[in-house]
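In our numbering, the protein residues as written are 452 to 684.
All C-beta atoms, glycine included, are put in the ideal place defined by N, C-alpha and C.
Shown next, in the form of structure tokens:
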């Protein structure tokens, strides 16, 4: 018989993963997500952003701009401290390319970690802060790329539908993420290399009811990304 802890983690994994672009219309464990309104044009770097007083949005994913043979790191500056992630450009190039693009566009500046599940993961990247926001476009899945879910892993959230990732991501924080290896439905695209103590501090933020799931996961105090800076070599 499945114990309660295992059930909570399974239900939580179903919710990971809510990376929609539109508002919720029901109580389903997955939110709605729009698709790009235009086909990808490889001669562009992404459609024009919307007006400044609303979250930036693009009609198509950015053209490939990273070099898969280079090393990329992302440094997250938060109100709880800084941590650095090595990005797996060679193994998840489309995901890393999009993340680098959004970071350089300052898309993540001021965005909060809106979901925290103890011993499992912290989730952020939604400019709306409620699990339904995104960049206006989706990116291809890059599953089974040679990496395993464990503490410190950075992965792309999705709606549960193919190629539905956008801007939302999660960072694994404990053994509760191990079971995702039996169903690798989320693109792994990085790992924390410095400042895991800061990630742990974020994971220890008090949480309360919210986010429509069976265990408390909504932070009761703000955990804000102040900036994400990209370095390459």
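Specify the secondary structure class of residue i as computed by DSSP and reduced to three states.
i           : result
residue 641 : strand
residue 653 : helix
residue 573 : strand
residue 631 : helix
residue 626 : helix
residue 588 : coil
CB-CB under 8 Å to residue i, same chain, minus the five flanking residues each way: which ones, in chain order?
i           : result
residue 494 : A caution first: residue 494 carries a pLDDT of 34, below 50, which makes its placement in the model too unreliable to give a value.
residue 657 : 670, 671 and 672
residue 650 : 534, 573, 603, 622, 624 and 643
residue 541 : 519 and 520
Using a threshold of 8 Å, state whether the C-beta atoms of residue i and residue j are closer than that.
i           : j           : result
residue 675 : residue 530 : yes
residue 593 : residue 543 : yes
residue 608 : residue 574 : yes
residue 616 : residue 638 : yes
residue 641 : residue 537 : yes
residue 572 : residue 652 : no
residue 554 : residue 643 : no
residue 512 : residue 568 : no
residue 577 : residue 618 : yes
residue 547 : residue 539 : yes
residue 605 : residue 506 : no
Can you give me the Cβ contacts of residue i inside the same chain, cut-off strictly under 7 Å, excluding the 5 residues immediately before and after it?
i           : result
residue 677 : 528, 529, 530 and 560
residue 551 : 517, 523 and 681
residue 646 : 532, 533, 534 and 535
residue 549 : 512, 513 and 590
residue 545 : 590, 591 and 593
Could you give the residue range of the alpha helix (DSSP H) that holds residue i?
i           : result
residue 547 : 544 to 555
Between which two residues does the beta strand (DSSP E) harbouring residue i extend?
i           : result
residue 606 : 604 to 607
residue 525 : 523 to 529
residue 535 : 532 to 538
residue 681 : 676 to 683
residue 567 : 566 to 568
Just to confirm my understanding: we take residue i, look at its own chain, exclude 5 residues before and 5 after, and list those with CB closer than 6 Å. What are they?
i           : result
residue 599 : 632
residue 683 : 521 and 523
residue 566 : 574, 662 and 668
residue 596 : 542 and 543
Contact between the segment 660 to 673 and the segment 634 to 652 is defined here as three or more beta-carbon pairs at a separation below 8 Å; is this criterion met?
Contact between the segment 660 to 673 and the segment 634 to 652 is not established, with fewer than three Cβ pairs separated by less than 8 Å.
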